[in-house]
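In UniProt numbering, the protein residues as written are 1 to 576.
Even for Gly, the Cβ is constructed at its ideal location relative to N, Cα and C.
In structure tokens form, the structure reads like this:
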């Protein structure tokens with residue numbers, strides 16, 4: 001990744017220039033493709049869900065176009081499927097490419113024009129690892145909101161992407177291709193090194209069957225009675241299931257029934273603890289370990305070995321995880337700032353009303369959600385961890401993490417990174433911790449860089465702060481909690497609560513009984529008054545708060561405010 005940072009970013013710098021009203025990037029050479037002039041962003045005038053746009057703007061968040069484009073497609077070691085297969089796969093019931101912009105928009109991926117590090121114009125967050133295609137951080141942590149025909153791209157904000165739906169649809173397209181000789185023939189002829197003869201079709205069939213087997217196992221292992229839909233994923237559950245896949249097989253997978261919204265990325269490297277449950281420390285090599293776990297969740301491969309001695313274990317596990325890339329991406333995120341409300345596109349903030357709201361914020365919110373100067377280069381965040389019995393929000397995600405026990409599989413009897421022997425079962429976090437620690441052991445230089453970066457930024461391991469349960473005898477007790485963070489940029493991160501169960505900021509300030517019990521998600525159109533995506537009409541997915549993991553209860557702070565005060569507080573939140 002050091003090589004890519006040194007070579008790719010200058011190349012992209014020479015190509016990227018700005019025409020957006022709120023894009024502060026440096027100008028580049030004239031006469032380029034229109035797409036590259038806007039950090040390669042592509043929008044469609046007509047959209048499957050009624051959210052077409054004719055203009056695209058970016059916000060000033062501290063990244064220039066070169067850094068943005070690098071982050072959008074940086075290879076972190078994700079291995080989803082053969083690159084050539086995705087490029088040439090057709091949609092079910094159509095001869096159109098699966099990755100056509102019109103089709104990928106249906107999953108709410110963000111379309112891009114081709115660039116040097118994305119020559120086939122795949123959406124934001126798709127990347128190439130050797131001959132494979134994978135996902136990178138930007139797929140789930142880059143958002144778009146639309147307002148009256150103008151699209152706003154926001155780096156580091158939670159995507160509206162339906163990743164689970166995309167994976168199921170890929171499986172369906174693979175099955176359709178294998179079941180249709182005409183589709184198979186077109187695929188065989190189009191793929192690299194393909195042809196029109198029977199040998200080419202046979203080779204294509206064998207490749208597709210292998211890919212389909214993987215997708216079939218993956219989707220079956222992650223089936224749940226609570227659908228994730230748009231803008232959510234049970235990320236921890238899926239990471240754990242991938243870890244189980246490498247140690248005891250997908251038949252032992254846990255039900256991923258605790259969907260969570262994709263967290264905000266701005267200021268993440270400046271937090272002492274991260275993740276919705278606040279279990280991951282950033283100190284030492286913590287950020288590298290956390291990001292390595294994320295790669296496992298998005299299809300990184302790990303070759304687990306049963307080591308019986310410390311000497312053997314020092315060899316670590318081979319994996320596809322690009323540790324150097326992860327270190328570079330974490331440093332890049334330190335330069336990312338939260339977005340500011342774009343009054344060039346959205347209605348102007350009522351400053352008088354917001355001033356009233358500021359006082360209410362100091363009274364109602366600041367004890368958990370500290371105020372932060374987005375431009376302060378030394379800003380740091382001390383997480384406030386709040387127990388389930390205090391905050392009252394849906395407990396499924398926290399309890400799944402704290403309570404899950406999984407088969408040790410090939411690790412039974414092996415020595416752990418802590419020097420103990422594994423029994424027949426272990427906690428889900430211990431399993432993930434083993435894979436991460438042993439994978440890091442293969443990359444001492446990257447680990448040393450991560451530790452040096454943490455020390456340089458004064459990130460030290462500290463006790464967790466906040467009103468949460470503590471029990472030194474059982475560390476899982478402290479996991480029965482959720483983490484609060486500063487709310488800078490909160491206006492760009494709907495739906496709200498950790499599980500995306502409340503559609504707008506206005507709804508969040510209502511008593512539980514008045515919050516929507518069911519609402520539509522999947523549209524990009526933005527409601528600047530209630531602050532959140534439009535959710536009261538038709539949409540491609542409905543969040544049902546009666547389902548496991550979907551409860552909209554809890555976080556009843558500010559719910560007794562008069563309506564005029566509620567409006568004032570929402571107006572102030574736009575300024576953060």
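Whose CA, out of the options, lies closest to the CA of residue i?
| i | options | result |
| --- | --- | --- |
| residue 412 | 182, 304 and 168 | 304 |
| residue 102 | 52, 374, 251 and 62 | 52 |
| residue 89 | 205, 62 and 57 | 205 |
| residue 100 | 116, 120, 329 and 131 | 120 |
| residue 429 | 419, 330, 408 and 511 | 408 |
| residue 259 | 314, 186 and 395 | 395 |
| residue 417 | 170, 293, 49 and 316 | 316 |
| residue 342 | 178, 489, 365 and 381 | 489 |
| residue 280 | 463, 544 and 311 | 463 |
| residue 500 | 63, 160 and 118 | 160 |
| residue 519 | 503, 513, 511 and 527 | 503 |
| residue 186 | 298, 85 and 349 | 85 |
| residue 425 | 169, 403 and 92 | 403 |
| residue 443 | 320, 248 and 107 | 320 |
| residue 145 | 542, 491, 508 and 514 | 491 |
| residue 118 | 98, 140 and 75 | 75 |
| residue 137 | 225, 431 and 293 | 293 |
| residue 46 | 437, 55 and 39 | 55 |
| residue 207 | 49, 270, 174 and 220 | 174 |
Can you tell me whether residue i is buried or exposed? The criterion is at least 16 other CB atoms within 10 Å of its CB, across all chains shown.
| i | result |
| --- | --- |
| residue 525 | buried |
| residue 563 | exposed |
| residue 529 | exposed |
| residue 181 | exposed |
| residue 232 | buried |
| residue 223 | exposed |
| residue 67 | buried |
| residue 397 | buried |
| residue 371 | exposed |
| residue 458 | exposed |
| residue 367 | exposed |
| residue 355 | exposed |
| residue 560 | exposed |
| residue 455 | exposed |
| residue 376 | exposed |
| residue 202 | exposed |
Could you name the residues that DSSP lists as bridge partners for residue i?
| i | result |
| --- | --- |
| residue 465 | 384 |
| residue 142 | 155 |
| residue 439 | According to DSSP, which records beta bridges pairwise, residue 439 is partnered with nothing at all. |
| residue 261 | 232 |
| residue 521 | 541 |
| residue 81 | 133 |
| residue 526 | 533 |
| residue 118 | 115 |
| residue 319 | 302 |
| residue 415 | 421 |
| residue 126 | 135 |
If you drop the 5 nearest sequence neighbours on each side, which residues of the same chain put their C-beta closer than 7 Å to that of residue i?
| i | result |
| --- | --- |
| residue 285 | 440, 447, 450 and 451 |
| residue 288 | 323, 326, 327, 440, 446, 447 and 450 |
| residue 123 | 104, 109, 110, 111 and 112 |
| residue 264 | 156, 157, 158, 489 and 493 |
| residue 637 | Because the chain here runs from 1 to 576, residue 637 falls outside it and cannot be looked at. |
| residue 301 | 79, 319 and 320 |
| residue 252 | 244, 406 and 407 |
| residue 479 | 277, 279, 398, 401 and 402 |
| residue 515 | 502, 507 and 552 |
| residue 388 | 395, 398, 480 and 481 |
Leaving aside the five residues before and after residue i along the sequence, list all residues of the same chain whose C-beta is less than 8 Å from its C-beta, in chain order.
| i | result |
| --- | --- |
| residue 392 | 553, 554, 555 and 556 |
| residue 577 | Since the first residue shown for the chain is 1 and the last is 576, residue 577 is missing from the structure and cannot be characterised. |
| residue 93 | 176 |
| residue 216 | 171 |
| residue 349 | 341, 343, 571, 574 and 575 |
| residue 423 | 408 and 412 |
Taking 6 Å as the limit between beta carbons, can you name the residues of its chain near residue i, skipping five residues before and five after?
| i | result |
| --- | --- |
| residue 318 | 303 |
| residue 164 | 228 |
| residue 306 | 410 and 414 |
| residue 400 | 258 |
| residue 347 | 528 |
| residue 382 | 272 and 465 |
| residue 496 | 502 and 508 |
| residue 578 | Outside the shown range of the chain (1 to 576) lies residue 578, about which nothing can therefore be said. |
At a cut-off of 7 Å, is residue i close to the ligand GDP when judged by its beta-carbon and the heavy atoms of the ligand?
| i | result |
| --- | --- |
| residue 163 | As for the ligand GDP, it is missing from this structure, which has no ligand bound. |
Take every Cβ of the segment 356-365, pair it with every Cβ of the segment 561-573, and state whether three or more of those distances are shorter than 8 Å. Output reads yes: the segment 561-573 touches the segment 356-365.
Counting beta carbon pairs with one atom in the segment 513-524 and one in the segment 536-544, are three or more of them shorter than 8 Å? yes
With three or more beta-carbon pairs closer than 8 Å as the criterion, would you say the segment 195-205 touches the segment 123-140? no
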